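Numbering (our numbering), first residue to last: 9 to 249.
Below is the structure:
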């Protein structure tokens, strides 16, 4: 069985993914933003291996979270599920995954939760634009990060997933897509031995590869993003392209 860490797993797709993996007897480590959410999560998922706490908007807490994850040894898969649709979009949707990717011992598989809305996102012109990015921009940047990480860690399966517009707290109850399909691809990429799941640098929707934004592979954009993330966090990825 696999050892898997999921960020943002106190509700929504993260919690559903954690429950499904635990039901398959995987060793599941989950994450909540604060003590109260952690307490609720422990009650909701009593068979979780551990509940880790960190506010992903706080970069110091993210760095500490990476250390705590490493204290459990190397993971088979990490699912960067946490995300918000408004508020501190850059810190939570982009910078936290960057810092955790840099700080946690590289697992066998990395999965980043993107969105079809990344296709209308754009690259930052400079760091001053961070405060004004849209949700689409943040998911564009996250998917750009995924492609970069896939390049620097060729022995790891690194992919992004569009879960669809599903009826969670963030998606709203009128969302039209299938809730179960919204987390099944993450499970599949994290655990499957099928050849179709053992790929890297791909963008998936419902276990099928899709074509992402044409600039996702732009190495100039990637280098700019990595430089911004390094400057914002003080954390450096150990490899470069």
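Where is the CB? At the ideal position from N, CA and C, for every residue including glycine. Note that the coordinates shown come from a computational prediction; the quantities given were computed from them, not determined experimentally.
Residue i classed as buried or exposed, judged by whether at least 16 other C-beta atoms fall within 10 angstroms
| i | result |
| --- | --- |
| residue 136 | exposed |
| residue 174 | Per-residue confidence for residue 174 stands at a pLDDT of 48, beneath the threshold of 50, marking its modelled position as unreliable; the derived number appears in the next sentence. When all chains shown are included, residue 174 counts as buried. |
| residue 31 | exposed |
| residue 117 | buried |
| residue 184 | Since pLDDT at residue 184 reaches only 48, below the 50 mark, its modelled position is unreliable, and the value read off the structure follows with that caveat. Residue 184 is exposed by the Cβ-count criterion. |
| residue 162 | exposed |
| residue 114 | buried |
| residue 51 | exposed |
| residue 91 | buried |
Bridge-paired residues (DSSP) for residue i
| i | result |
| --- | --- |
| residue 138 | Looking at the DSSP assignment, residue 138 forms no beta bridge with any residue, so it has no partner. |
| residue 38 | 14, 59 |
| residue 218 | 211 |
| residue 107 | Looking at the DSSP assignment, residue 107 forms no beta bridge with any residue, so it has no partner. |
| residue 167 | 119, 210 |
Beta-carbon proximity of residue i to residue j, cut-off 8 Å
| i | j | result |
| --- | --- | --- |
| residue 229 | residue 131 | yes |
| residue 150 | residue 241 | no |
| residue 107 | residue 166 | no |
| residue 217 | residue 206 | no |
| residue 124 | residue 170 | yes |
| residue 41 | residue 18 | yes |
| residue 77 | residue 60 | yes |
Residue interval of the alpha helix (DSSP H) (run including residue i)
| i | result |
| --- | --- |
| residue 247 | Careful: residue 247 lies outside any alpha helix (DSSP H) and carries neither H nor E. |
| residue 118 | Not the alpha helix (DSSP H): residue 118 falls in the beta strand (DSSP E), residues 117-121. |
| residue 191 | 189-199 |
| residue 234 | 227-241 |
Limits of the unbroken beta strand (DSSP E) element including residue i
| i | result |
| --- | --- |
| residue 211 | 210-213 |
| residue 87 | 85-88 |
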